Amino acid sequence: MRVTRRRRVQRMGASGLVRDRADLLAGEEPLEIRVHGQPFTVTMRTPGDDVDLVTGFLVSEGVVRSSQDLRSIARRGGVTPAGEPDDNVVDVRLAVGVAPPARELHRHVYTSSSCGVCGTSSIEAVRKVSAHDPRTDDVAVRVHHLLALPGRLRERQTTFDRTGGVHAAGLFLPAAEGEPRLACLREDVGRHNAVDKVVGWAVRAGLLPLRGAVLQLSGRVSFELVQKAAMAGVPVVSAVSAPSALAVELGEELGVTVIGFNRGDTLNVYSHAHRIHPAPGRVP
Numbered sequence: 012m013r014v015t016r017r018r019r020v021q022r023m024g025a026s027g028l029v030r031d032r033a034d035l036l037a038g039e040e041p042l043e044i045r046v047h048g049q050p051f052t053v054t055m056r057t058p059g060d061d062v063d064l065v066t067g068f069l070v071s072e073g074v075v076r077s078s079q080d081l082r083s084i085a086r087r088g089g090v091t092p093a094g095e096p097d098d099n100v101v102d103v104r105l106a107v108g109v110a111p112p113a114r115e116l117h118r119h120v121y122t123s124s125s126c127g128v129c130g131t132s133s134i135e136a137v138r139k140v141s142a143h144d145p146r147t148d149d150v151a152v153r154v155h156h157l158l159a160l161p162g163r164l165r166e167r168q169t170t171f172d173r174t175g176g177v178h179a180a181g182l183f184l185p186a187a188e189g190e191p192r193l194a195c196l197r198e199d200v201g202r203h204n205a206v207d208k209v210v211g212w213a214v215r216a217g218l219l220p221l222r223g224a225v226l227q228l229s230g231r232v233s234f235e236l237v238q239k240a241a242m243a244g245v246p247v248v249s250a251v252s253a254p255s256a257l258a259v260e261l262g263e264e265l266g267v268t269v270i271g272f273n274r275g276d277t278l279n280v281y282s283h284a285h286r287i288h289p290a291p292g293r294v295p
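Numbers in this note's numbering are just positions in the sequence shown, counted from 1, shifted up by 11.
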């Protein structure tokens with residue numbers, strides 16, 4: 012398993028110049044998730060932080076609510092058709108008393124790196140019920156702190172710097188004074204995977220529900236990312252790009268503040284704007 016792969020490419024320009032060079036690509040491999048030995052889903056992801064990914068995915072699916080619901084997460088090694096070692100299978104054992112995922116939650120086709128709900132077996136199964144309620148979170152965040160988050164995220168996107176081909180999610184937690192602190196950053200070819208990796212880290216650190224947290228995204232905000240945030244109790248989701256209409260509607264319903272176009276010195280607040288406070292001396 013490799014986070015990046017090197018490949019020879021031909022670089023071409025308008026002048027007609029053709030030059031051979033090496034390029035570094037983001038890794039993308041399938042990961043099969045099993046629960047008690049039974050296939051649950053296969054997702055495409057960038058290898059790395061797989062335990063976090065699996066843990067966060069199970070929270071997003073409503074299978075577990077905390078680290079206490081997990082007994083073990085272990086790799087089940089195998090061999091590829093080419094005879095190479097294959098560690099792309101992870102088996103989860105749930106704690107005693109935790110019900111395994113219902114049949115309708117199983118993904119009958121693989122989940123691509125661009126889609127966090129692909130393969131869900133019914134429309135009803137797309138919507139999840141969270142054990143945490145962001146609507147009860149009275150966090151207040153300053154605009155100038157929010158505006159700084161994309162830059163702080165970008166400074167730490169090491170895999171993006173090397174490949175230009177991954178998304179990032181950063182979990183910022185409230186600090187006693189001043190700007191929120193970056194507690195965890197994860198990168199992946201899939202936006203939803205990056206979020207699951209961050210949530211999984213928080214679960215294993217015993218931090219759920221993530222009250223007062225801000226989830227900063229490097230791309231856009233879709234329905235499933237707002238839902239993943241709500242499942243972890245995150246009250247504020249901020250993104251560099253636009254939200255979808257359904258993401259905003261879901262944020263309004265679940266009590267998640269959805270922020271888009273967080274670039275430079277402006278941002279748009281689409282839901283629950285009461286949590287966002289103007290900088291000192293500025294008019295809201």
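Beta carbons: idealized from backbone N, C-alpha and C, even for Gly.
None of the values given here were measured: they were computed from a predicted structure.
Item                                                                                                                          : Value
Range covered by the alpha helix (DSSP H) that runs through Val-204                                                           : Strictly speaking, residue 204 in this sequence is Asn, with Val absent from that position. 202-215 is the span of the alpha helix (DSSP H), which, as asked, contains Asn-204.
Host beta strand (DSSP E) of Ser-249 (start-end)                                                                              : 247-250
Simplified DSSP state of Ala-136, which is helix, strand or coil                                                              : Bear in mind that the predicted position of Ala-136 carries a pLDDT of just 48, short of 50, making it unreliable; the figure below should be weighed with that in mind. Ala-136: helix per DSSP, three-state reduction.
Status (buried if at least 16 other CB within 10 Å, exposed otherwise) for Pro-111                                            : exposed
Boundaries (first-last residue) of the alpha helix (DSSP H) holding Leu-261                                                   : 256-265
Spatial distance of Pro-220 from Ser-77 (CA atoms)                                                                            : 9 Å
8 Å CB neighbourhood of Leu-36 in its chain, flanking five on each side removed                                               : Thr-15, Arg-16, Arg-17, Arg-18, Thr-174, Gly-176
C-beta atoms of Pro-254 and Gly-223 nearer than 7 Å                                                                           : no
Leu-257 burial status per 10 Å Cβ neighbour count (16 or more: buried)                                                        : exposed
Status (buried if at least 16 other CB within 10 Å, exposed otherwise) for Ser-252                                            : exposed
Beta-carbon contacts of Phe-234 that lie in its chain and below 7 Å, excluding the five residues immediately before and after : Ser-255, Leu-257, Ala-258, Leu-261
CA-to-CA distance, Leu-182 to Ala-216, given in whole angstroms                                                               : 13 Å
According to DSSP, residues forming a beta bridge with Thr-268                                                                : Val-247
Stretch pair the stretch 274-281 + the stretch 152-170: three plus CB contacts closer than 8 Å                                : yes
Residue(s) in a DSSP beta bridge with Gln-7                                                                                   : For residue 7 there is no data in the structure shown, the boundaries of the chain being 12 and 295.
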